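Note sheet for the following structure.
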Amino acid sequence: MNNYLALLILIFQISFAQTAFEKGNQLYKSQNYQGAITNYESVLASGKQSVAIYFNLGNCYYKLHKVAPAIFNYEKALQLDPNDAQILTNLDFARKTTLDDLKIVPKVGFSKIIQNFTSLLHFDTWAWISVGFSFTVLLFFVGYYFSQTTVFKRVFFSFMFITLILLFISLASGFYEKNKVLNENGAILFAEKCAFKKEPKLSSKDLMLLHEGTKVYILESIAGWRKVQLTDETVGWIQENTFKELR
Numbered sequence: 122m123n124n125y126l127a128l129l130i131l132i133f134q135i136s137f138a139q140t141a142f143e144k145g146n147q148l149y150k151s152q153n154y155q156g157a158i159t160n161y162e163s164v165l166a167s168g169k170q171s172v173a174i175y176f177n178l179g180n181c182y183y184k185l186h187k188v189a190p191a192i193f194n195y196e197k198a199l200q201l202d203p204n205d206a207q208i209l210t211n212l213d214f215a216r217k218t219t220l221d222d223l224k225i226v227p228k229v230g231f232s233k234i235i236q237n238f239t240s241l242l243h244f245d246t247w248a249w250i251s252v253g254f255s256f257t258v259l260l261f262f263v264g265y266y267f268s269q270t271t272v273f274k275r276v277f278f279s280f281m282f283i284t285l286i287l288l289f290i291s292l293a294s295g296f297y298e299k300n301k302v303l304n305e306n307g308a309i310l311f312a313e314k315c316a317f318k319k320e321p322k323l324s325s326k327d328l329m330l331l332h333e334g335t336k337v338y339i340l341e342s343i344a345g346w347r348k349v350q351l352t353d354e355t356v357g358w359i360q361e362n363t364f365k366e367l368r
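The C-terminal residue of the sequence shown carries number 368 in our numbering, and the numbering is unbroken.
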């Protein structure tokens, strides 16, 4: 009985989410952006999320000139699909509307090569690829074990060895990408403006004034304050009620 009830609840949630999403799309097309936002966010509130929902929310907020939530939702969409060209383009347009002109320090050398490669796919996708390679290794091993001739044994062993290397690469890529996502604690400033302090106290010297839409990376927490790093690698402190985390 409980299983049937759980199934009915799941079906209702999926139906509700789909209906709200489609209604949101209709409202967006009719330029009722606030109405579309209400429907999209009701889908998120039900526990469902997708690239399309976050991307559409970003577009709605961008149309309403609300820079911080627009950037926040584009960033959330990008977490689910890191290489989507349309998301990257719209995010770049939204960033250009922010008041803070901060440079983004790119990674260079070998670390850049690794990051560019692992970010091609979400860590969940890397996991499924690893599962596929695992089954392939097993099949080649079976072929190697039951082969009756030296030639076939060599062929199966060679393919098994190559697939093992690919398996380790996919596993390492998945772990690297997941670790990057978990440790890269990004946040978007939602406060219209906030002081970027040298120390975690109001009397501390202001390093600069930050504005809504600016992306920061949270490094440390101390009683109402967060130590953050900007995209230009400047480090300072902001109050905890000025931003919204991307996790």
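By construction, the Cβ of each residue, glycine as well, lies at the ideal position given by its N, Cα and C atoms.
Bear in mind the structure is a predicted one, so any value in this text is a computation, not a measurement.
task = Answer yes if the region 252-262 comes into contact with the region 215-234, meaning at least three C-beta pairs across the two stretches below 8 Å, and no otherwise.
result = no
message = Considering Cα atoms alone, identify which of Ile-359, Ile-192, His-186, Asn-362 is closest to Tyr-175.
response = Ile-192
Candidates Glu-162, Ile-286, Trp-346, of which the one nearest Ser-325 by Cα = Trp-346
message = Val-188 and Thr-352 - do their beta-carbons sit closer together than 8 Å?
response = no
ask   = So the beta strand (DSSP E) Ile-359 belongs to, where does it begin and stop?
value = 356-360
message = Which residue wins for smallest C-alpha separation from Leu-310, given the options Asn-300, Val-337, Leu-323?
response = Val-337
inquiry  = From the DSSP secondary-structure annotation, give me the bridge partner or partners of Glu-298.
reply    = Its beta-bridge partners do not exist; DSSP assigns none.
ask   = Quick one, which of Leu-220, Ala-173, Pro-190 has its alpha-carbon nearest Leu-201's?
value = Ala-173
query = Whose C-alpha, out of His-332, Asn-300, Ser-240, is nearest the C-alpha of Ala-313?
reply = Position check: residue 313 holds Glu in this sequence, whereas Ala was assumed. It is His-332 whose Cα lies nearest to the Cα of Glu-313.
query = What's the C-alpha gap between Leu-370 and Phe-277?
reply = In the structure displayed, the chain extends from 122 to 368; residue 370 sits before or after that span and is not available.
ask   = Out of curiosity, what's the CA-to-CA distance linking Cys-315 and Ser-151?
value = 36 Å
query = Can you list, in chain order, the stretches of the alpha helix (DSSP H) that have 4 or more residues and sit fully within the region 259-342?
reply = 271-304
key: Bridge-paired residues (DSSP) for Gln-350   = Tyr-338, Val-356
task = Taking Lys-365 as part of the beta strand (DSSP E), name the residues at either end of that continuous run.
result = 364-366
query = Out of curiosity, what's the CA-to-CA distance linking Ala-141 and Leu-148?
reply = 10 Å
request  = Taking Val-188 as part of the alpha helix (DSSP H), name the residues at either end of that continuous run.
outcome  = 188-201
query = Do Asn-204 and Leu-241 have their C-beta atoms within less than 8 Å of each other?
reply = yes
message = Please report the distance separating the alpha-carbon of Leu-129 from that of Gln-139.
response = Confidence at Leu-129 is low in this model, with a pLDDT of 45, below 50, so its placement is unreliable and the value that follows should be read with caution. Using only the alpha carbons, I get a separation of about 15 Å.
key: Gly-334, buried or exposed, once every other Cβ within 10 Å from all chains shown has been counted against 16   = buried
Cβ pair Phe-262, Glu-298 closer than 8 Å = no
message = Can you list, in chain order, the residues of its chain with a C-beta nearer than 6 Å to that of Ala-127? Leave out the 5 residues immediately preceding and following it.
response = For Ala-127, the pLDDT reaches just 48, beneath the cut-off of 50, and the residue's location in the model is therefore unreliable, although a value from the coordinates is still provided. Result list for Ala-127: empty, nothing under 6 Å.
query = Straight-line CA distance for Gly-295 to Asn-304?
reply = 14 Å
ask   = Among the residues of its own chain, which have a CB less than 6 Å from the CB of Lys-197, if the five just before and after it don't count?
value = Tyr-175
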